[in-house]
Amino acid sequence: QVQLVQSAAEVKKPGASVKVSCKASGYTFTSYGFSWVRQAPGHGLEWMGWINTYNGNTNYAQKFQGRVTMITDTSTTTAYMELRSLRSDDTAVYYCARDPNYFDYWGQGTLVTVSS
Amino acid sequence: QSVLTQPPSVSGAPGQRVTISCTGSSSNFGAGYDVHWYQQLPGKVPKLLIYSDNNRPSGVPDRFSGSKSGTSASLAITGLQAEDEADYYCQSYDSSLSGRVFGGGTKLTVL
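Those protein sequence lines, which keep their order, are chains A and B.
Per the numbering used here, the very first residue in the first sequence carries number 12; after that it's consecutive.
Per the numbering used here, the very first residue in the second sequence carries number -12; after that it's consecutive.
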């Protein structure tokens, strides 16, 4: 069965960086891309970007360009999302999702809290 | 301001039929891109409900159905149940933004 298991919650100070991991299992990793989606407390879903697990190509939402990096490690079937220059409004639950043009499987979410 | 516009809330009594609209534009639905719908129960991870306009993943009851016409899409839920109380999101691709986009979400209350 398809499973996406994300890393544990993080607390960061403003200006720091965070790197969230997403370990995939139960399917051929390079057959599907990944998207990262975040949800601030009490708010809706926000798409951050997508990575092609086969060739590493990325497509970042304009809002995050220059501040986000998505990579994958095919040897460990793990996707990573790094967000830099964190601000208080980056406090959110970050989800990875398998992406065959829609989000059919989701990780359990990683809460990132940005606070001084 | 979301690229896809949804009503903030809808409600219905048990057993009734409700619809949730999702209004797009010529750069998403009007350009032929599919709509997908997600259900997020309180405190839970979003779940794929409808993909590619009107397809249900395995395990999703046929009480849920999707449609799209022109620059608008809708999700219909028939035989409303208390367990359907959740937030619902539409999602597509937008060619102007060159990326995936979500609607702002609709909170469904079962009266």
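All residues carry an ideal CB built from backbone N, CA and C; glycine is no exception.
These numbers come from a predicted model, not from an experiment.
Annotation: Cβ neighbours of tryptophan 58 of chain A in chain B (cutoff 7 angstroms, chain order): Gly86, Arg87, Val88, Phe89. Pairing tyrosine 116 of chain A with glutamine 14 of chain A gives a Cβ-Cβ distance under 9 angstroms. Nearest to serine 45 of chain B by C-alpha distance, out of B:Lys34, B:Val22, B:Gln(-7), is B:Lys34.
For valine 32 of chain B, the closest Cβ of chain A is nearer than 9 angstroms. Aspartate 110 of chain A is bridged by DSSP to A:Gly44. Rounded to the nearest whole angstrom, the C-alpha separation of serine 83 of chain B and serine 14 of chain B is 6 angstroms.
Within chain A, the C-beta atoms nearer than 9 angstroms to that of proline 44 of chain B come from Asp115, in chain order.
For glycine 11 of chain B, none of the residues of chain A pass the 7 angstroms Cβ criterion, the least Cβ distance being about 15 angstroms. Along the region -3 to 81 of chain B, the beta strand (DSSP E) occurs as fully enclosed runs of 3 or more residues at 5 to 10, 23 to 27, 34 to 37, 51 to 56, 59 to 64, 73 to 81, listed in sequence order. The Cβ atoms of threonine 89 of chain A and methionine 81 of chain A do not sit closer than 9 angstroms to each other. Cβ atoms of leucine 97 of chain A and glycine 26 of chain A come within 8 angstroms of each other, at about 7 angstroms.
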